[in-house]
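Participant: My questions will all concern the structure given below.
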Amino acid sequence: MFLSAAQVEGLYEKALLFAERKGFKVEHDGLLTALKSAGASADAKSQIVTFGRSLVEDALRVAPSSFKLAAIDPLNDLPLPHPSGGFYGRTNTGATRYLEPGGAEPRPVTLDDVGTWATLTGQMENIGFCGFPSVSNVPQEIADVEAMRRLLGASSKHVWVQPYTDESLKYLIEMALVAGGGQDELRKRPIMSLITCSLTPFLFKPMDAEVLLAACRQGIPIHACSLPSAGGTSPITPIGSVFVAAVEVLAMIVMAQLLAPGHPVIGTTLMFAMDMHSGRVNHSSPEALRAAAQAVQLVKQAFGVPTHTYGAGSDSPVFDTQTTTEAAVQTSIVALAGADILGAAGQFETATSISPLQLILDNEVMGLLKAVKRGGPIDDDALGWQTMLDVAHGGTFLTTDHTYEHCRDVWMTKLFTRDAPDVWRGRNHGDLLQRLEARYRDIIEHPAGAFLSDDVGAALDEVVGHARQALT
Amino acid sequence: MSPYDDLKLNVETGKRDAVQAQVKQALDEGRPAQEILQEGLVAAMDVVGAKMEAEEMFIPEVLRAAKTMEAGLEILKPLLAVGDMRISGTVLVGTVKGDLHDIGKNLVAMLLSSAGFEVKDLGINVEPATFVEKVKETGADFLGMSALLTTTMPMMQATVDALEAAGLRQQVTVLIGGAPVTQAFADQIGADGYASDAGAAIKVAKELGAVAK
Ligand code: B12
Numbered sequence: 008m009f010l011s012a013a014q015v016e017g018l019y020e021k022a023l024l025f026a027e028r029k030g031f032k033v034e035h036d037g038l039l040t041a042l043k044s045a046g047a048s049a050d051a052k053s054q055i056v057t058f059g060r061s062l063v064e065d066a067l068r069v070a071p072s073s074f075k076l077a078a079i080d081p082l083n084d085l086p087l088p089h090p091s092g093g094f095y096g097r098t099n100t101g102a103t104r105y106l107e108p109g110g111a112e113p114r115p116v117t118l119d120d121v122g123t124w125a126t127l128t129g130q131m132e133n134i135g136f137c138g139f140p141s142v143s144n145v146p147q148e149i150a151d152v153e154a155m156r157r158l159l160g161a162s163s164k165h166v167w168v169q170p171y172t173d174e175s176l177k178y179l180i181e182m183a184l185v186a187g188g189g190q191d192e193l194r195k196r197p198i199m200s201l202i203t204c205s206l207t208p209f210l211f212k213p214m215d216a217e218v219l220l221a222a223c224r225q226g227i228p229i230h231a232c233s234l235p236s237a238g239g240t241s242p243i244t245p246i247g248s249v250f251v252a253a254v255e256v257l258a259m260i261v262m263a264q265l266l267a268p269g270h271p272v273i274g275t276t277l278m279f280a281m282d283m284h285s286g287r288v289n290h291s292s293p294e295a296l297r298a299a300a301q302a303v304q305l306v307k308q309a310f311g312v313p314t315h316t317y318g319a320g321s322d323s324p325v326f327d328t329q330t331t332t333e334a335a336v337q338t339s340i341v342a343l344a345g346a347d348i349l350g351a352a353g354q355f356e357t358a359t360s361i362s363p364l365q366l367i368l369d370n371e372v373m374g375l376l377k378a379v380k381r382g383g384p385i386d387d388d389a390l391g392w393q394t395m396l397d398v399a400h401g402g403t404f405l406t407t408d409h410t411y412e413h414c415r416d417v418w419m420t421k422l423f424t425r426d427a428p429d430v431w432r433g434r435n436h437g438d439l440l441q442r443l444e445a446r447y448r449d450i451i452e453h454p455a456g457a458f459l460s461d462d463v464g465a466a467l468d469e470v471v472g473h474a475r476q477a478l479t
Numbered sequence: 061m062s063p064y065d066d067l068k069l070n071v072e073t074g075k076r077d078a079v080q081a082q083v084k085q086a087l088d089e090g091r092p093a094q095e096i097l098q099e100g101l102v103a104a105m106d107v108v109g110a111k112m113e114a115e116e117m118f119i120p121e122v123l124r125a126a127k128t129m130e131a132g133l134e135i136l137k138p139l140l141a142v143g144d145m146r147i148s149g150t151v152l153v154g155t156v157k158g159d160l161h162d163i164g165k166n167l168v169a170m171l172l173s174s175a176g177f178e179v180k181d182l183g184i185n186v187e188p189a190t191f192v193e194k195v196k197e198t199g200a201d202f203l204g205m206s207a208l209l210t211t212t213m214p215m216m217q218a219t220v221d222a223l224e225a226a227g228l229r230q231q232v233t234v235l236i237g238g239a240p241v242t243q244a245f246a247d248q249i250g251a252d253g254y255a256s257d258a259g260a261a262i263k264v265a266k267e268l269g270a271v272a273k
């Protein structure tokens, strides 16, 4: 939709050319050696890896186009792609500031906020899985370990983990093994997925190599992530930036398939554009949005893996109507571009602040977009063919069987109102912000119980204890 | 009308060849190198600085103007005394240990150098001990540290402490920045200044100035 078939084909050919000619720098001897023995050309001295055409095509052939992200509660499993052509939302990760409902200014994120975040996500029917924000009130060396522990204790959904250091990675995986029921069970039902990021342009740093190796060893799905900042780390022209993201994702797909053929990889292109006045990087600008849509389409159609990008969020430094507007625009464009996972729910200030109210709103907007996308077959029933033939010229459809049978097909909003003004006043439902606050309070006051057993909880605490001992 | 209006416009719009030709021509006409520098090149960059602040110029345009100015300066350099050269101070910049984010740090480095600072970039993942060693080695006026992760911000404190322990803290103006960094954090760790973006970094560096040595 955002690229023609011929354009996708042309970019695919260029990506193959790039992988073969220019290649990527991999700053990790172990990974370099593994790639070399799997058939890539890798030079130990320059650390440059290149992938020939047939190697790439073989890798794309074995990279799965469908698989499942398992949830702590199997009812929340996420088969990819979404069975009815929709998508899954996912929350922000890594934000450092938290805006309490009614609060004036965002404040540093605490460990308790992670619990709240997970509790809220549990009730968000369109948010498939949860990441954790960046907690300030714990030793920073184990901030990710502490956050993951809290998340596992409060979530019944799949968890997405963004490790902060290679030292903490080991403990994060240990926790996944504990919560997921051991190595074999975790491989069958991966309740956790990991992010691995390129250092744009065209470089892979040691930590991400470690993540890739560990994920492939344990069968943990990876979100192969590229975050180009157009004008800074990638060409300023949106399609140039799309290309950078796509080839970096391609490199990660190929590396994963060489390490573990059939390994589940999600192409994750998070597109930023640098503001040429301030130098800040943004994801809500039209250039970044177009790039996000094109990157999704390119990765999906050319490489055949599920896709993931920001499908919410705003660059506004304050939570206001700009935040809600930009988030809804992002959701619309990315959903229509066909992304399988819409990330960033609840975030503003370009991924650095989160708001529970925005999370609830994003969930609603995602529901709306899913309904828009639902479509379905075009047959006589969908057309109402017989009813049209039967109805009198100038007649009504309201009383027909067809309307009766389909009247519940529509999406019902939980937050928006379409009341007549006096009805709305009479119900005393307040404005959208007040309704968001009411929904927030309702969820927080009635949290779902813990899903993991006390034994598992204790074993997780033990892992945190080990991490604390070793790293702080 | 200044005789340098054309030259200034050419610096501003990044016309390297024209600027070099005009600088040569001014010298041929017998104008003093110091005057060409101050009333031509430096004056042009002052306009550029003001236009950047007013959001009339984009960052790549500012960087191009600075490069163009340098091309003109190259011709004047042999004719200028050391004291004539406009150097606002020397700055060491780097991203702290454990942190690989460098987009913001690079931008700060580029814009500081376009504003007349001499900048030495220590790169990413810089250990406190390396910062200390380089401050000692270079006698830099400013140390600019960048951190983009809450998990690496403590390294700024560690570096300030290490400077203190090495007896160098009083000799260098410490500036910090990066998305999670705030003025309050700068106060807390005893940094001299904080800036929220590269434009502000120039301002703060100029306001604070180098420590008198
Ligand atoms: C691009 C990016 C990356 C790129 C970096 C590429 C590069 N070459 O720098 C990549 C993908 C590699 C990356 C990696 C990671 N990132 Co990152 N990243 C970002 C992102 C999206 C933008 C940062 C950026 O470039 N901004 C643009 C520049 C121009 O702005 P800036 O850096 O703030 O700089 C300006 C000012 O702050 C100031 N300034 C900066 N430095 C200095 C210094 C001085 C002296 C002064 C005066 C001023 C100053 O002036 C600058 C210019 O105006 C941010 C989100 C965000 N909005 O900040 C996340 C973000 C910072 N990353 C985050 C995380 C978690 C990570 C990873 C751990 C993720 C992972 N698991 O891989 C790794 C960490 C790697 C490491 N060890 O450092 C989190 C941080 C959370 C936290 N705990 O603080 C953020 C907030 C995103 C998120 N929500 O998860 N990241």
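Line order of the protein sequences matches chains A and B.
Just so we're aligned, residue 8 is where the first sequence starts under my numbering, counting upward by one.
Just so we're aligned, residue 61 is where the second sequence starts under my numbering, counting upward by one.
Every residue gets a Cβ at the ideal spot worked out from N, C-alpha and C, and that includes glycine.
For G74/B, return the contacting residues in chain A, with the cut-off set at a CB-CB distance below 8 angstroms.
Facilitator: Counted from its first residue, the second sequence places residue 74/B at position 14. None at all; the shortest Cβ gap to chain A is about 15 angstroms.
Participant: How would you write the range of the alpha helix (DSSP H) that H315/A sits in, first residue to last?
Facilitator: Here the question's residue 315/A lines up with position 308 in the first sequence. Element bounds for H315/A: not the alpha helix (DSSP H) but the beta strand (DSSP E), T314 to Y317.
Participant: When you compare only the Cα positions, how much space is there between L208/B and K165/B?
Facilitator: In the second sequence, the residue the question calls residue 208/B occupies position 148. In the second sequence, the residue the question calls residue 165/B occupies position 105. Distance between the alpha carbons of L208/B and K165/B is about 10 angstroms.
Participant: Once you ignore the five residues that flank I55/A on each side, which residues in its own chain have a CB closer than 6 angstroms to its CB?
Facilitator: What you label residue 55/A is simply residue 48 of the first sequence in a count that begins at 1. The beta carbon of I55/A sits closer than 6 angstroms to the beta carbons of G30 and K32 from its chain, once the five residues preceding and following it are set aside; these are given in chain order.
Participant: Below 7 angstroms between beta carbons is the criterion; list the residues of the region 202-214 of chain A that meet it against any residue of chain B, in chain order.
Facilitator: L206 and K212
Participant: Measuring alpha carbon to alpha carbon, tell me which residue in E187/B, T210/B and M105/B is nearest R104/A.
Facilitator: The count along the first sequence starts at 1 and reaches residue 104/A at position 97. It is T210/B whose Cα lies nearest to the Cα of R104/A.
Participant: Quick test of your reading: G318/A and G345/A, contact by CB under 8 angstroms. State the CB separation rounded to the nearest angstrom.
Facilitator: On the first sequence, position 311 is the one that residue 318/A refers to. On the first sequence, position 338 is the one that residue 345/A refers to. Contact doesn't hold; Cβ gap of about 11 angstroms is too wide.
Participant: For Y171/A, which residues in chain B fall below 8 angstroms Cβ to Cβ?
Facilitator: As a working mapping, residue 171/A is identified with position 164 in the first sequence. Ordered by position in chain B, the residues that pass the 8 angstroms Cβ test against Y171/A are L209 and T211.
Participant: Any Cβ of chain B within less than 9 angstroms of the Cβ of S141/A?
Facilitator: Indexing the first sequence from 1 puts residue 141/A at position 134. Answer yes: the Cβ-Cβ gap between S141/A and chain B drops below 9 angstroms somewhere.
Participant: If you reduce the DSSP assignment to three classes, tell me which class D50/A lands in.
Facilitator: The residue given as residue 50/A occupies position 43 in the first sequence. Looking at D50/A - three-state DSSP - the assignment turns out to be strand.
Participant: Any contact of the region 400-413 of chain A with the region 362-380 of chain A, i.e. 3+ C-beta pairs under 8 angstroms?
Facilitator: no
Participant: What are the residues of the region 211-242 of chain B that lie near chain A, defined by any Cβ-Cβ distance shorter than 7 angstroms?
Facilitator: T211, P214, A239 and P240
Participant: Mapping the DSSP letters down to three states, classify I249/B as helix, strand or coil.
Facilitator: Working through the second sequence from its first residue, we reach residue 249/B at position 189. Correct three-state label for I249/B: helix.
Participant: Starting from C552/A, trace the alpha helix (DSSP H) in both directions and tell me its first and last residue.
Facilitator: With chain A covering 8 to 479 only, the question about residue 552/A has no answer from this structure.
Participant: So, helix, strand or coil for V153/B, using DSSP?
Facilitator: The residue labelled residue 153/B in the question sits at position 93 within the second sequence. V153/B: strand per DSSP, three-state reduction.
Participant: Suppose the cutoff is 8 angstroms on Cβ atoms and the five residues either side in sequence are ignored; what does the same chain contact list for A300/A look like?
Facilitator: Here residue 300/A refers to the residue found at position 293 when the first sequence is read from its first residue. Within the same chain, A300/A has close Cβ partners M8, F9, I340, V341, L343 and A344.
Participant: Would you tell me roughly how many angstroms separate the C-alpha atoms of T338/A and L118/A, rounded to the nearest one?
Facilitator: Here the question's residue 338/A lines up with position 331 in the first sequence. Here the question's residue 118/A lines up with position 111 in the first sequence. Roughly 28 angstroms between the two C-alpha positions.
Participant: Hey, would you say the C-beta of D369/A is under 8 angstroms away from at least one heavy atom of the ligand B12?
Facilitator: Here the question's residue 369/A lines up with position 362 in the first sequence. No, the ligand B12 has no heavy atom inside 8 angstroms of this Cβ.
Participant: In this structure, what does DSSP give as the bridge partners for V288/A?
Facilitator: Within the first sequence, numbered from 1, the residue matching residue 288/A stands at position 281. Beta-bridge analysis with DSSP links V288/A to M281/A.
Participant: Pairs of beta-carbons, one from the region 61-68 of chain A and one from the region 250-268 of chain A, closer than 8 angstroms: are there three or more?
Facilitator: yes
Participant: For E412/A, would you say it is in contact with chain B, using Cβ-to-Cβ distances shorter than 9 angstroms as the test?
Facilitator: Counted from its first residue, the first sequence places residue 412/A at position 405. Judged by the 9 angstroms Cβ criterion, E412/A is not in contact with chain B.
Participant: Specify the secondary structure class of S141/A as computed by DSSP and reduced to three states.
Facilitator: Within the first sequence, numbered from 1, the residue matching residue 141/A stands at position 134. S141/A carries a coil assignment under DSSP once its states are collapsed to helix, strand and coil.
Participant: Under 9 angstroms, Cβ to Cβ, is there at least one residue of chain A near P120/B?
Facilitator: In the second sequence, the residue the question calls residue 120/B occupies position 60. It does: the Cβ of P120/B has a partner Cβ on chain A nearer than 9 angstroms.
Participant: Between A150/A and Y171/A, how many whole angstroms is the CB-CB distance? I'm expecting something under 8 angstroms.
Facilitator: For this step, residue 150/A is matched to residue 143 along the first sequence. For this step, residue 171/A is matched to residue 164 along the first sequence. Indeed they touch by this definition, with Cβ atoms about 6 angstroms apart.
Participant: What do you reckon, is the C-beta of P228/A under 8 angstroms from a heavy atom of the ligand B12?
Facilitator: Locating residue 228/A in the first sequence gives position 221, where the first residue counts as 1. No.
Participant: Would you please state the rounded distance, in angstroms, between the beta carbons of L127/A and I450/A? I believe it to be under 8 angstroms.
Facilitator: As a first step, residue 127/A is located in the first sequence; it is residue number 120 there, counting from the start. As a first step, residue 450/A is located in the first sequence; it is residue number 443 there, counting from the start. Between I450/A and L127/A the Cβ distance is about 6 angstroms, and since that is below 8 angstroms, they are a contact.
Participant: Mind listing the chain A neighbours of E115/B? Cutoff is C-beta to C-beta under 8 angstroms, in chain order.
Facilitator: Locating residue 115/B in the second sequence gives position 55, where the first residue counts as 1. Per Cβ cutoff of 8 angstroms: H284.
Participant: Does the beta carbon of R287/A come closer than 9 angstroms to any beta carbon on chain B?
Facilitator: Reading the first sequence from its first residue, position 280 is the one you call residue 287/A. Closer than 9 angstroms to some Cβ of chain B, the Cβ of R287/A qualifies, so yes.
Participant: So is D181/B in contact with chain A if we call contact Cβ pairs under 9 angstroms?
Facilitator: For this step, residue 181/B is matched to residue 121 along the second sequence. With 9 angstroms as the cut-off, D181/B does not count as an interface residue toward chain A.
Participant: Within the continuous beta strand (DSSP E) that includes G274/A, where are the two ends?
Facilitator: On the first sequence, residue 274/A is found 267 positions in, with the first residue counted as 1. First-last of the beta strand (DSSP E) with G274/A: V272 to T276.
Participant: I'd like to check one pair, L390/A with A26/A: are the Cβ atoms closer than 9 angstroms?
Facilitator: Start at 1 with the first residue of the first sequence, and residue 26/A comes out as number 19. Start at 1 with the first residue of the first sequence, and residue 390/A comes out as number 383. Going by beta carbons, A26/A and L390/A fall outside the 9 angstroms limit.
Participant: Give me the DSSP bridge partner(s) of R114/A.
Facilitator: Looking up residue 114/A in the first sequence gives position 107. According to DSSP, R114/A bridges with Y105/A.
Participant: Can you name the start and end residues of the alpha helix (DSSP H) that H473/A belongs to?
Facilitator: One-based indexing of the first sequence puts residue 473/A at position 466. DSSP places H473/A inside the alpha helix (DSSP H), whose first and last residues are D461 to L478.
Participant: Would V272/A and A221/A qualify as a contact pair, given that the criterion is a beta-carbon distance under 9 angstroms?
Facilitator: Numbered from its first residue, the first sequence carries residue 272/A at position 265. Numbered from its first residue, the first sequence carries residue 221/A at position 214. For V272/A and A221/A, no; Cβs fall outside 9 angstroms.
Participant: Kindly provide the ranges of any beta strand (DSSP E) runs that are 3 or more residues long and lie completely inside the region 70-107 of chain A, ordered along the chain.
Facilitator: 74-76, 85-87 and 95-98
Participant: Hey, does P268/A have any beta-carbon neighbour from chain B nearer than 9 angstroms?
Facilitator: Position 261 of the first sequence holds residue 268/A. So no, P268/A is outside the interface.
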